[in-house]
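Colleague: Here it is: the structure, laid out below.
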Amino acid sequence: MWGTGTVMQMNAAQIYRSKNNGKFDTRTLTLYVAIMSVGSAAGRMAMGYLDMKLSALQRAGKTRTLTTIALPIGPLLLVAAYLFFAVLPGSVLLLPFLLGAMGNGVGWGVGVIALRMMYSEDIGKHYNFCFTSGAVATIALNRFMFGEMYDAEARRRGEFPSCNHPRCVRNQMFILLVVNVVATLAAALVHWRFSRFTRARLDERETPGSLQGGKDMIGMGSSEPIAEEDHLQS
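If you're matching positions, the sequence shown starts at 1 in the UniProt record's numbering and goes up one per residue.
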């Protein structure tokens, strides 16, 4: 998911030009770039607010919902964005750019929180591993998918290095959509497994005689790490 969001941001100019049949206005592109910045920031702040609210409700004993429930939201927003990029006309690109940027921001925001929740050791190592995977995906998707397909269509149309037809980017949008469908399913699976693991630990704590000498401190659903013996080990 992280890689696909970056591909959208890095190729905003190409997407805009192709969807508008070669018509290009610098002011409009600047607007899209600004909207992507706002959307990304909004997504990150929304995840921080969600974690704060869920943490407060958990401390009050009103919910057991984990912040990881938001993991599928980012790729779902990107699925919607790439679908709109593929089918909507160039005059309404503001919506998919905003949705895609929000999805990217949500992904980065909840990713940091989720890693801190799920691992008690080497949190930085796990975060850097995820960050590296995003960088590798960005390079691979940009160089070997988006760029290659864009240049091939531009040469076929005799417009290289530009490509001035929606078809120049349509297939790439569908490929990125499929990648994010897979990411959504994977994120839902991660939440389901971690939620089941956490609920099992809480049930053990609540069973008489199962307390472990006060060591079962669990930051369920918040970014506060779970005790070492109750965590997924790295």
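Don't be surprised by glycine CBs; every beta carbon is placed ideally from N, CA and C.
1. Considering only the beta carbon of each residue, do Asn164 and Asn11 sit closer than 8 Å?
2. Output the distance between the C-alpha atoms of Met36 and Asp25, rounded to the nearest integer angstrom.
3. Give the single residue among Glu204, Asp151, Leu115 and Phe160 whose Cα lies nearest to the Cα of His126.
4. Please report the straight-line C-alpha distance between Gly158 and Thr6, rounded to a whole angstrom.
5. Taking just the CA atoms, how far does Met8 sit from Pro72?
6. Measuring straight from C-alpha to C-alpha, what distance separates Asp151 and Ile123?
7. How should Gly107 be labelled, buried or exposed, when 16 other C-beta atoms within 10 angstroms of its C-beta is the threshold for buried?
8. How many Å lie between Ile139 and Lys62 at the Cα?
9. Would Ala41 and Gly90 be called neighbours here (beta carbons separated by less than 8 Å)?
10. From Glu206, Thr67 and Leu93, pick the residue whose C-alpha is nearest to that of Met118; which is it?
11. Using the three-state DSSP reduction, which class does Cys168 fall into: helix, strand or coil?
12. Out of Tyr82, Asn142, Ala81 and Phe197, point me to the one whose CA is closest to Thr65's CA.
13. To the nearest angstrom, report how far apart Phe85 and Ala70 are at their CA atoms.
14. I need the straight-line Cα distance from Lys23 to Arg155, nearest angstrom please.
15. Enumerate, from N- to C-terminal direction, the unbroken alpha helix (DSSP H) stretches of 4 or more residues contained entirely within the region 83 to 147.
16. Beta-carbon within less than 6 Å of Gly103's beta-carbon, same chain only, minus the 5 sequence neighbours each way: which residues are those?
17. Along the chain, where does the alpha helix (DSSP H) containing Thr6 start, and where does it finish?
18. Give the straight-line distance between the Cα atoms of Asn128 and Ala135, rounded to the nearest whole angstrom.
19. Alpha carbon to alpha carbon, what distance is there between Ser162 and Arg47?
20. On the CB-based measure, 16 or more other CB atoms within 10 Å of its CB, does Thr132 come out buried or exposed?
Modeller: A quick look at the data gives this:
1. What you label residue 164 is simply residue 164 of the sequence shown in a count that begins at 1. What you label residue 11 is simply residue 11 of the sequence shown in a count that begins at 1. Result no, Cβ atoms of Asn164 and Asn11 do not sit closer than 8 Å.
2. Indexing the sequence shown from 1 puts residue 36 at position 36. Indexing the sequence shown from 1 puts residue 25 at position 25. Approximately 17 Å between the Cα atoms of the pair.
3. Position 126 of the sequence shown, counted from the first residue, corresponds to residue 126. Comparing Cα-Cα distances from His126 to each of Glu204, Asp151, Leu115 and Phe160, the minimum goes to Leu115.
4. Translated into the one-based positions of the sequence shown, residue 158 becomes position 158. Translated into the one-based positions of the sequence shown, residue 6 becomes position 6. If you take the alpha carbons of Gly158 and Thr6, they lie about 28 Å apart.
5. Taking the sequence shown and counting its residues from 1, one reaches residue 72 at position 72. Taking the sequence shown and counting its residues from 1, one reaches residue 8 at position 8. Cα to Cα, the separation comes out at about 19 Å.
6. Locating residue 151 in the sequence shown gives position 151, where the first residue counts as 1. Locating residue 123 in the sequence shown gives position 123, where the first residue counts as 1. When rounded, the distance between both Cα atoms is 40 Å.
7. Your numbering for residue 107 matches position 107 in the sequence shown. Burial call: buried.
8. Here residue 139 refers to the residue found at position 139 of the sequence shown. Here residue 62 refers to the residue found at position 62 of the sequence shown. Straight-line Cα distance between these residues: approximately 44 Å.
9. In the sequence shown, counting from the first residue as 1, residue 41 sits at position 41. In the sequence shown, counting from the first residue as 1, residue 90 sits at position 90. Cβ atoms of Ala41 and Gly90: not closer than 8 Å.
10. By 1-based counting over the sequence shown, the position of residue 118 is 118. Among Glu206, Thr67 and Leu93, the Cα nearest to that of Met118 belongs to Thr67.
11. To locate residue 168, count along the sequence shown from 1; it is residue 168. Correct three-state label for Cys168: helix.
12. Taking the sequence shown and counting its residues from 1, the one referred to as residue 65 is at position 65. Of the candidates Tyr82, Asn142, Ala81 and Phe197, the one whose C-alpha sits nearest the C-alpha of Thr65 is Phe197.
13. Here residue 85 refers to the residue found at position 85 when the sequence shown is read from its first residue. Here residue 70 refers to the residue found at position 70 when the sequence shown is read from its first residue. Those two C-alpha atoms are separated by around 24 Å.
14. Translated into the one-based positions of the sequence shown, residue 23 becomes position 23. Translated into the one-based positions of the sequence shown, residue 155 becomes position 155. Their backbone Cα atoms lie some 19 Å apart in a straight line.
15. 94 to 118 and 123 to 141
16. Here residue 103 refers to the residue found at position 103 of the sequence shown. Hits under 6 Å: Gly74, Leu77 and Leu78.
17. Residue mapping note: residue 6 aligns to position 6 of the sequence shown, counting from 1. Counting along the chain, the alpha helix (DSSP H) containing Thr6 begins and ends at Trp2 to Met10.
18. Looking up residue 128 in the sequence shown gives position 128. Looking up residue 135 in the sequence shown gives position 135. For Asn128 and Ala135, the distance between alpha carbons rounds to 10 Å.
19. Along the sequence shown, read from residue 1 onward, the residue named residue 47 stands at position 47. Along the sequence shown, read from residue 1 onward, the residue named residue 162 stands at position 162. What sits at residue 47 in the sequence shown is Met, not Arg. Between Met47 and Ser162, the C-alpha separation is close to 38 Å.
20. Taking the sequence shown and counting its residues from 1, the one referred to as residue 132 is at position 132. Classification for Thr132: exposed.
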